[in-house]
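K.L.:
Those sequence lines, one after another, are chains W, V, R and X. Heads up: the first sequence begins at 3 in the numbering used here, then just goes up one per residue. Heads up: the second sequence begins at 56 in the numbering used here, then just goes up one per residue. Heads up: the third sequence begins at 1483 in the numbering used here, then just goes up one per residue. Heads up: the fourth sequence begins at 1483 in the numbering used here, then just goes up one per residue. Each residue gets a CB set at the ideal place from its N, CA and C atoms; glycine is no exception. Given the structure is predicted, the values throughout are model-derived calculations rather than measurements. The structure follows.
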Amino acid sequence: MPLGDELSAEGRAALGEYLLLMADDELVIGHRDSEWCAFAPLIEEDVAFASIAQDEISHAALFYELIESMRGLGRDQLAFGRPASEMRNATLLERENGDWAFTIARHYLYDLADELRLEQLAKCHLPTLRAVAERIRREEHYHLEHGAMWLVRLSRGGSEARSRVQAALERVVRESRGLFQPMAWEQILVAEGVIAARPSHLYQEFRERAGTALATCGLRMPPDVPPGEHPRGRTGGHTPELRELLQTMGEVWRSDPTASW
Amino acid sequence: MSDGRLEAFEARIARGDLVEADDWMPEEYRRQCFRLIVTHANSELMGALPEREWIPRAPGLKRKLSVLSKVQDEIGHAQMIYRVAEDLARPFGISREQMLDDLIEGKAKFHNVFSYPAPTWADVGVIAWLVDGAALETQGALLRTSYAPYARILRRICAEEAIHLKHGEDIVLTLASGTRAQRAMLQDAIQRWWQPLLHFFGPPDELSPNSERTFRWRIRTRTNEQLRQSFLRKYAPKVLSLGMEIPDPELRLDPETGDWHYGDPDWNEFWRVVKGGGARTEARLELRRMTREQQGWVLAAMADPTSAA
Amino acid sequence: MADDLTVFEVFGRERKGEPHRHAGSLRAADAQMAVVLAQELFCRRKEYVQIWVVPRTAIHWAPDGDAPLGPEPQRVYRIGEGYRGTVEKWKRFGGDGDASRG
Amino acid sequence: MADDLTVFEVFGRERKGEPHRHAGSLRAADAQMAVVLAQELFCRRKEYVQIWVVPRTAIHWAPDGDAPLGPEPQRVYRIGEGYRGTVEKWKRFGGDGDASRG
């Protein structure tokens, strides 16, 4: 029974949008993570971070496969065949990696936002979606442990490391609201009982959870940004950094989308 | 006094005994092992770079994951091998940091093949299949090395290389059975990689003092030429069966001996590359130098005593 | 009296070439005593060519919760199973599919 | 710089009922980092159901080998630090240093 069959047409369309948003988030952050491969600050960390990159790309594949079962478009077509204007990821995730402090701060706060999202999905009554959310949550446990370990280490690793990680947090928080951009279809998913609350309403709890987590790492949670400045990646408002990423990522696949690679 | 120990050591080796990290060993044995092992570690680290360029471009989610996983394994191999090299070189006062500095400053050697460009997706298949196939020949032979910590990690390295080989085969077979453009891309990659593959095993062993001792102490157990022939026996027929040409007009199988005859693979090119003259050598070493500078602060943060938990 | 003794874990190497394996644990006042005791308990019949002795408090372990180590399910592209199709593809080129593994 | 990092030995249990076997070693800044990194260095293919991570300086051995396996000359590991600080789930970080994983 394809996913969401018991929903209305609008409900299925809304669910497809939510899955696409999550898939694009995971694909884009997974791609950025993979760019560290062979260049992480310690050979042992290089191996660990490459696993985190594979986890995110694998999670994206799981979501694209769910969309494939609903819309018939192949997972590689979904991942490699869409222009920047159709990508639903938050702009925070498309930003270039910067230094190790930015990479760790961004990944950690994204993992916290993702955890909130997955906790909500793990309670939804669509069994297929619930199972996928459960599996992803198990692997995200390691991401949170890895991020916390590094934030503790950097915050207590001397003045330069501490100032770099605090500066990175300022940059990340400025764009983290974009992870919770309000979307028109949210209300339909709540109305049809797929999720209990609108994902964009998780923002306050995200800030509280992040504040607690950073405090135990000995770090300050930067203040919120005024509402007007929020990025709008989820409705096509992307940066040149995403266009360049997609151009690189699709270089071979787009040279012949009908060939088998 | 130590002569007694040298005899006893050599008798043990001749009996097939193995040497552990904290056993007594002649300084020359330690030096020869270290030379071989640190070159292997450098090759794994540098060897990751040509394929690494294709992680961001790999076509399709499965290929993106498998190329990333393979390069991750190569970095994992480098980690295991540097650890063995570090324990071996502690009496010489050489640290991992020193080994990485020597590599970056062009003072240390690594396998010739990783100085060549990988300009197309077909290179990813050919490297994973044929270069890893060549590496599996040399590493398989080292499984019987007398230095036990190295032999132990080689068991895991060879098991992982065998999976890389299948990943490479899968790409090559897909291209070989694909469009005309894909077959042409594959042929072009084989054209570029064939000579470096013959160079990979090194020139035929002139019994230099180095190689004589490495055999007597069973650090190495098979000569360069034996390894090259073993590679040709396995892979030349398979490349030809794909309908691909091998760029060596003199290449033919000698039915009596089962050996492959091949044209002279220009050993001057080999020595030029090994001494740092490869097309991509400098660019890749520069990449590693830049990374080290940008990330010095992270290493400082890790070593900072004030932060010890 | 026993409770102020420290627990030590003991690992032994059976032969050169073999990795150390966990052989058991013992209580002792300190590391030096633990090593002597361990040799007594575990090496009387030359079972091990070398033993390592470690205070249990120095051991950190994973996983800490119930999440299993490594991904569930196994990542097929990391193991041979992910490439079983190559045997079939070789047949199309007349190969017998496993020669390259020798 | 990298050589200032502590060496940790890693032991893994392949299946329930099997003893832990030495699997290899890694460098890390501290025990928390070592445990996190060891999981991906040694368990990417479900090789072990549990791993133990031990700073090499906490290992006492016999009989004495000829070359020192013991503490790194530049950084002697303080046994006191060996007490098991852990990184709990995100709610109780290793940051406060004393939460035990026990």
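Any chance you could list the alpha helix (DSSP H) runs of at least 4 consecutive residues sitting entirely within the segment 189-223 of chain W, in chain order?
P.N.:
205-218
K.L.:
Residue 1505 of chain X by DSSP, collapsed to three states: which one?
P.N.:
If you number the fourth sequence from 1, residue 1505 of chain X lands on position 23. Of the three classes helix, strand and coil, the one that applies to residue 1505 of chain X here is strand, per DSSP.
K.L.:
Can you list, in chain order, the residues of its chain with a C-beta nearer than 6 Å to that of residue 285 of chain V? Leave out the 5 residues immediately preceding and following it.
P.N.:
The residue given as residue 285 of chain V occupies position 230 in the second sequence. Once the five neighbours on either side are set aside, the close Cβ partners of residue 285 of chain V are 192.
K.L.:
Going by DSSP, what residue range makes up the beta strand (DSSP E) through residue 105 of chain V?
P.N.:
The residue you call residue 105 of chain V lines up with position 50 of the second sequence. Segment 82-107 is the alpha helix (DSSP H) holding residue 105 of chain V; no beta strand (DSSP E) there.
K.L.:
In terms of residue numbering, what span does the alpha helix (DSSP H) encompassing residue 1544 of chain X cover?
P.N.:
For the purposes of this step, residue 1544 of chain X is taken as residue 62 along the fourth sequence, with counting starting at 1. Note, residue 1544 of chain X: premise wrong, no alpha helix (DSSP H); beta strand (DSSP E) at 1542-1544.
K.L.:
Please check the pair residue 1501 of chain R and residue 1504 of chain X, which I expect to be a contact at CB under 8 Å, by giving their CB distance rounded to whole angstroms.
P.N.:
Working through the third sequence from its first residue, we reach residue 1501 of chain R at position 19. Working through the fourth sequence from its first residue, we reach residue 1504 of chain X at position 22. Right, the Cβ-Cβ distance comes to about 4 Å (below 8 Å), so this counts as a contact.
K.L.:
Excluding sequence positions up to five away, which residues of its chain have a Cβ less than 7 Å from the Cβ of residue 1524 of chain X?
P.N.:
The residue given as residue 1524 of chain X occupies position 42 in the fourth sequence. Closer than 7 Å at the Cβ level, and outside the excluded window around residue 1524 of chain X, lie 1492, 1494, 1505, 1506, 1530, 1533.
K.L.:
Can you pull out the residues from the segment 199-230 of chain V whose beta carbon lies closer than 8 Å to at least one beta carbon of chain R?
P.N.:
203, 206, 207, 217, 218, 220, 221, 222, 224, 225, 228, 229
K.L.:
Quick one: does residue 104 of chain W have its CB under 8 Å from some CB of chain V?
P.N.:
Residue 104 of chain W sits at position 102 when you count from the first residue of the first sequence. Not closer than 8 Å to any Cβ of chain V, the Cβ of residue 104 of chain W fails to qualify, so no.
K.L.:
Closer than 7 Å by beta-carbon distance: list the chain W residues that pair up with residue 1510 of chain X, in chain order.
P.N.:
For the purposes of this step, residue 1510 of chain X is taken as the residue at position 28 of the fourth sequence. For residue 1510 of chain X, the chain W residues whose C-beta falls within less than 7 Å of its own C-beta are 46, listed in chain order.
K.L.:
At least one CB of chain W closer than 8 Å to the CB of residue 1501 of chain R: is that the case?
P.N.:
Residue numbering aside, residue 1501 of chain R sits at position 19 when the third sequence is read from its first letter. Not one chain W Cβ lies under 8 Å of residue 1501 of chain R.
K.L.:
Can you find a C-beta in chain X that's less than 8 Å from the C-beta of residue 59 of chain V?
P.N.:
For the purposes of this step, residue 59 of chain V is taken as the residue at position 4 of the second sequence. With 8 Å as the cut-off, residue 59 of chain V does not count as an interface residue toward chain X.
K.L.:
According to DSSP, simplified to helix, strand and coil, what is residue 263 of chain W?
P.N.:
The residue given as residue 263 of chain W occupies position 261 in the first sequence. Residue state, collapsed to three classes: coil.
K.L.:
Compare the C-beta of residue 1562 of chain X with all C-beta atoms of chain V and state if any pair is closer than 8 Å.
P.N.:
Stepping through the fourth sequence from its first residue, residue 1562 of chain X is reached at position 80. Note that residue 1562 of chain X scores a pLDDT of 30, beneath 50, so its modelled location is shaky; the value from the coordinates is reported in the next line. Taking 8 Å as the threshold, the shortest C-beta distance from residue 1562 of chain X to chain V does not fall below it.
K.L.:
Does residue 1491 of chain X have its Cβ less than 8 Å from a Cβ in chain B?
P.N.:
Within the model displayed, chain B is absent; protein chains W, V, R and X are what it includes.
K.L.:
With H, G and I counted as helix, E and B as strand and the rest as coil, what does DSSP make of residue 32 of chain W?
P.N.:
Residue mapping note: residue 32 of chain W aligns to position 30 of the first sequence, counting from 1. Taken through DSSP and simplified to helix, strand or coil, residue 32 of chain W comes out as helix.
K.L.:
Please list the terminal residues of the continuous beta strand (DSSP E) segment that includes residue 1495 of chain X.
P.N.:
Translated into positions along the fourth sequence, residue 1495 of chain X becomes position 13. Counting along the chain, the beta strand (DSSP E) containing residue 1495 of chain X begins and ends at 1488-1495.
K.L.:
Between which two residues does the beta strand (DSSP E) harbouring residue 1532 of chain X extend?
P.N.:
Locating residue 1532 of chain X in the fourth sequence gives position 50, counting from the first residue. Where residue 1532 of chain X is concerned, the enclosing beta strand (DSSP E) starts and stops at 1532-1537.
K.L.:
Can you find the residues in the same chain that come closer than 8 Å, C-beta to C-beta, to residue 183 of chain W, ignoring five residues on each side of it along the sequence?
P.N.:
Walking along the first sequence from the start, residue 183 of chain W turns up at place 181. Closer than 8 Å at Cβ, skipping near neighbours: 92, 202, 232, 233, 234, 235, 236, 237.
K.L.:
Here's the rule I'm using: 16 or more other beta-carbon atoms within 10 Å means buried, otherwise exposed. How should residue 199 of chain W be labelled?
P.N.:
Position 197 of the first sequence, counting from 1, holds the residue named residue 199 of chain W. Exposed, by the Cβ-count rule.
K.L.:
Take the Cβ of residue 225 of chain W as the centre, count every other Cβ of all protein chains shown within 10 Å, and call the residue buried at 16 or more, exposed below.
P.N.:
By one-based count along the first sequence, residue 225 of chain W stands at place 223. So residue 225 of chain W ends up on the exposed side.
K.L.:
With 8 Å as the threshold, decide whether the Cβ of residue 172 of chain V is near any Cβ in chain W.
P.N.:
In the second sequence, counting from the first residue as 1, residue 172 of chain V sits at position 117. No, residue 172 of chain V does not count as interfacial toward chain W.
K.L.:
Helix or strand or just coil, what does DSSP make of residue 1552 of chain X?
P.N.:
Residue 1552 of chain X sits at position 70 when you count from the first residue of the fourth sequence. Because the pLDDT of residue 1552 of chain X is 42, which lies under 50, any placement of that residue in the model is unreliable, and the question is left without a value.
K.L.:
Nearest by alpha-carbon distance to residue 1561 of chain R: which of X:1514, X:1518, X:1526, X:1508 is it?
P.N.:
Here the question's residue 1561 of chain R lines up with position 79 in the third sequence. Nearest C-alpha to residue 1561 of chain R: X:1526.
K.L.:
For residue 53 of chain W, which residues in chain X fall below 8 Å Cβ to Cβ?
P.N.:
Working through the first sequence from its first residue, we reach residue 53 of chain W at position 51. 1522, 1526, listed in chain order.
K.L.:
So, are the CB atoms of residue 196 of chain W and residue 128 of chain W less than 8 Å apart?
P.N.:
For the purposes of this step, residue 196 of chain W is taken as the residue at position 194 of the first sequence. For the purposes of this step, residue 128 of chain W is taken as the residue at position 126 of the first sequence. Yes. Within cutoff.
K.L.:
Counting contacts by CB-CB distance shorter than 8 Å, is residue 1572 of chain R in contact with chain V?
P.N.:
Walking along the third sequence from the start, residue 1572 of chain R turns up at place 90. True, the Cβ-Cβ gap to chain V drops below 8 Å.
K.L.:
My understanding is that residue 173 of chain V touches residue 105 of chain V, with C-beta atoms under 8 Å, so please give their C-beta distance in whole angstroms.
P.N.:
Here residue 173 of chain V is taken as the residue at index 118 of the second sequence, counted from 1. Here residue 105 of chain V is taken as the residue at index 50 of the second sequence, counted from 1. Taking 8 Å as the upper bound for CB-CB distance, residue 173 of chain V and residue 105 of chain V are in contact here, some 4 Å apart.
K.L.:
What does residue 50 of chain W touch in chain X if you count any residue whose Cβ is under 8 Å from its own?
P.N.:
As a position in the first sequence, residue 50 of chain W is number 48, starting the count at 1. Result: 1518, 1519, 1521, 1522, 1523.
K.L.:
Could you tell me whether any Cβ in chain W is nearer than 8 Å to the Cβ of residue 1575 of chain X?
P.N.:
In the fourth sequence, the residue the question calls residue 1575 of chain X occupies position 93. The predicted model places residue 1575 of chain X with a pLDDT of 38, which falls under 50 and marks its position as unreliable, so this point remains unresolved.
K.L.:
Starting from the beta carbon of residue 75 of chain V, find every residue of chain R whose beta carbon is closer than 9 Å, and list them in chain order.
P.N.:
The residue labelled residue 75 of chain V in the question sits at position 20 within the second sequence. 1495, 1498, 1499, 1531, 1532, listed in chain order.
K.L.:
Using the Cα positions of residue 1583 of chain R and residue 221 of chain V, report the straight-line distance between them to the nearest angstrom.
P.N.:
Position 101 of the third sequence, counted from the start, is the residue given in the question as residue 1583 of chain R. Position 166 of the second sequence, counted from the start, is the residue given in the question as residue 221 of chain V. Bear in mind that the predicted position of residue 1583 of chain R carries a pLDDT of just 44, short of 50, making it too unreliable to give a figure here.
K.L.:
Measure the C-alpha to C-alpha separation of residue 1565 of chain R and residue 226 of chain V and round it to an integer number of angstroms.
P.N.:
Here residue 1565 of chain R refers to the residue found at position 83 of the third sequence. Here residue 226 of chain V refers to the residue found at position 171 of the second sequence. If I take the Cα positions, the gap works out to 10 Å.
K.L.:
Would the segment 1534-1551 of chain R count as touching the segment 1515-1524 of chain X if we require 3 or more Cβ pairs under 8 Å?
P.N.:
Counting Cβ pairs under 8 Å, three or more are found: they touch.
K.L.:
Per DSSP, what kind of secondary structure is residue 1558 of chain X in: helix, strand or coil?
P.N.:
By 1-based counting over the fourth sequence, the position of residue 1558 of chain X is 76. With a pLDDT of 29 at residue 1558 of chain X, under the threshold of 50, the modelled position of this residue cannot be trusted; read the value that follows with caution. Note: residue 1558 of chain X maps to coil in three-state DSSP.
K.L.:
The alpha helix (DSSP H) that contains residue 223 of chain V, what's its start and end?
P.N.:
What you label residue 223 of chain V is simply residue 168 of the second sequence in a count that begins at 1. Its alpha helix (DSSP H) spans residues 203-231.
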